[in-house]
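Please read the structure below before turning to the comments.
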Amino acid sequence: MTSQPSSVAVQFPLGGELSTLEPLGRGHINTTFHVQVAGREPRSGFVLQRVNHDVFPNPHQVMENWIRVCDHLRAKLAARNEPDLQRRHASPIPAHDGRPYHRDETGAYWRLLPFIEESRTLEGPVSPAQAFEAARAFAHFVRDLLDLPGSPLHITIPDFHDLDSRQADLRDSVRANAMERAEAATREIEACNHWCQVVQSDLNSIGTREIPRRNVHHDGKINNLLFDAEEREALCVIDLDTVMEGTVLSDFGELARTVCCPQPEAVSDLSLLHFDPTLFRALAAGYLSGGADFLSAQEIRALPIAGPLMTLMNAVRFLTDHLNGDTYFPVAHEGQNMERCRAQLRRVELFQEHRNVIEQAVRDAAIDFALPR
Ligand code: GN1
Ligand code: MG
0 MTSQPSSVAV
10 QFPLGGELST
20 LEPLGRGHIN
30 TTFHVQVAGR
40 EPRSGFVLQR
50 VNHDVFPNPH
60 QVMENWIRVC
70 DHLRAKLAAR
80 NEPDLQRRHA
90 SPIPAHDGRP
100 YHRDETGAYW
110 RLLPFIEESR
120 TLEGPVSPAQ
130 AFEAARAFAH
140 FVRDLLDLPG
150 SPLHITIPDF
160 HDLDSRQADL
170 RDSVRANAME
180 RAEAATREIE
190 ACNHWCQVVQ
200 SDLNSIGTRE
210 IPRRNVHHDG
220 KINNLLFDAE
230 EREALCVIDL
240 DTVMEGTVLS
250 DFGELARTVC
260 CPQPEAVSDL
270 SLLHFDPTLF
280 RALAAGYLSG
290 GADFLSAQEI
300 RALPIAGPLM
310 TLMNAVRFLT
320 DHLNGDTYFP
330 VAHEGQNMER
340 CRAQLRRVEL
350 FQEHRNVIEQ
360 AVRDAAIDFA
370 LPR
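Below, the structure is given as structure tokens:
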């Protein structure tokens, strides 16, 4: 049980009377609402979010990171005299008691963010120009956090994108077999293990230890970026819960997963999935253009593996959750996490089938931006 969102919203300074409150967005983890205020423009107001306490056991630290990141980004934007500053970052709005969240009587944490006016998330297939722009924006996000002062950001989810540890979780779930679903999942378990070996060996041959650790977003899905109303210019990176130290492979890989195979995350007819080389070329060019000032030779060499790595990471996580009884990723029907897993495994195959095109695209982009190859 948690509080009614309307009784939570009024714990924050809304600057008027609450008029409507509707569900917003498609995230799996937090619960999100659009709060509108009487007498204001329809697409304005606030975003109210209940932070998933099971996934983020320390919401206080999540909010500390969030505020540090937003303050830093805002200062950077201001120093560059970027126009339209208010639409380019989404800093949490303190509650009446001054805290960056409201804790309701059930112990749940809620935060309020500005609703960025005239903004859109791209949910369906995107154009090459939009793919380029999205990748550039995620690279700029990392660039702008290179000089974040102070101690390292809190680790909000330990080993979040550590493939070894995700594989160990899968092994544990198979062993525990809590829902007795393991036998029916034999093929997918074997496929995950097979691809883990392939991807680990690719990472080893590149030398993963040499890939610099930086503050990255860790959830670079295309819909974690707000575009302007014309869906042309990227305005603002959102969903900052997992911004912490990691590698650019996380962000570029999530972009590749969600942009290059433009079908929904879970499709039951796997023959509908295909890989679009033009969109990958646009992503590679966008990321290298945005990251030209900081990307190292090792990072660029590793970018072709980012897509399969992150897609496999999600496949392993969906399968683990299916075996555990869908305790992490909510499902609309039984078996949905298995469908999500199968669709990611097919995407991993597609990435592998297009390996040459992918490597060539990264090399071409490196030449275009005079970067090491
Ligand atoms: C979750 O909440 P959402 O949908 O932005 C998940 C990501 C997964 C993604 C799969 C904190 O993100 O890591 O890649 O689902 N976030 C967390 O769609 O686990
Ligand atoms: Mg997210």
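Number 372 marks the last residue of the sequence shown (numbering that gives the first Met the number 0); no jumps. Here a beta-carbon is modelled for each residue, glycine too, at the ideal position from N, C-alpha and C.
Item, Value
"Residue range of the beta strand (DSSP E) that includes R49", "45-50"
"Alpha carbon of F114 to alpha carbon of I237, nearest angstrom", "11 Å"
"Counted within 10 angstroms of its Cβ, other Cβ atoms place L344 as buried (16 or more) or exposed", "buried"
"Cβ neighbour criterion (16 or more within 10 Å) applied to T310", "buried"
"4 or more residues per run - each alpha helix (DSSP H) lying fully within the segment 270-329", "276-290, 296-323"
"Closest residue to P91 among N80, W109, K75 (Cα-Cα distance)", "W109"
"Among S267, L272, G15, G245, nearest to V258 - alpha-carbon criterion", "L272"
"Endpoints, the beta strand (DSSP E) within which P22 is located", "17-22"
"Per DSSP, cross-strand counterpart(s) of V236", "L224"
"Any non-hydrogen atom of ligand 1 closer than 7 Å to T326 Cβ", "no"
"Bounding residues of the beta strand (DSSP E) (the contiguous stretch that carries G381)", "Residue 381 is absent from the structure shown; the chain starts at 0 and stops at 372."
"L145, buried or exposed, once every other Cβ within 10 Å from all chains shown has been counted against 16", "exposed"
"Through-space distance from L302 to S6, alpha-carbon basis", "46 Å"
"Check whether L322 and N176 have beta carbons under 8 Å apart", "yes"
"V251 vs A181 beta-carbon contact at 8 Å", "According to the sequence as given, residue 251 is Phe; it is not Val. No; because the gap between Cβ atoms is not below 8 Å, this pair is not in contact."
"Bounding residues of the alpha helix (DSSP H) (the contiguous stretch that carries T31)", "That residue, T31, is in no alpha helix (DSSP H); its beta strand (DSSP E) goes 30-36."
"R213, enclosing beta strand (DSSP E) - first and last residue", "213-215"
"F45 and L13 closer than 8 Å at C-beta", "yes"
"Near ligand 1: H52 beta-carbon under 7 Å from a heavy atom", "no"
"Beta-carbon separation (whole angstroms), S288 vs F350, contact threshold 8 Å", "Going by Cβ atoms, the distance from S288 to F350 rounds to 22 Å, so no, they are not a contact pair."
"Three-state secondary structure (DSSP) of S150", "coil"
"Spatial distance of P276 from I357 (CA atoms)", "7 Å"
"Helix, strand or coil at L121 according to DSSP, with G and I counted as helix", "coil"
"Contact check, H88 vs P329, beta carbons under 8 Å", "no"
"Any non-hydrogen atom of ligand 1 closer than 7 Å to T241 Cβ", "yes"
"Through-space distance from R102 to G15, alpha-carbon basis", "22 Å"
"Length of the line joining the Cα atoms of A296 and L269", "35 Å"
"E104: CB within 7 Å of a non-hydrogen atom of ligand 1", "no"
"CB contact below 8 Å: V34 versus chain C", "Checking the listed chains, one finds no chain C in this structure; it contains a single protein chain."
"Ligand 1 heavy atom lying under 7 Å from the CB of D320", "no"
"Per DSSP, cross-strand counterpart(s) of H101", "W109"
"Alpha helix (DSSP H) segment containing T185, residue limits", "185-205"
"Secondary structure of C260, DSSP reduced to three states", "coil"
"Same chain, Cβ closer than 6 Å to G285, five either side skipped, listed in chain order", "F131, A134, R135"
"L225 beta carbon less than 8 Å from that of L308", "no"
"Nearest candidate by alpha-carbon position, reference D201, set E21, R300, H33", "R300"
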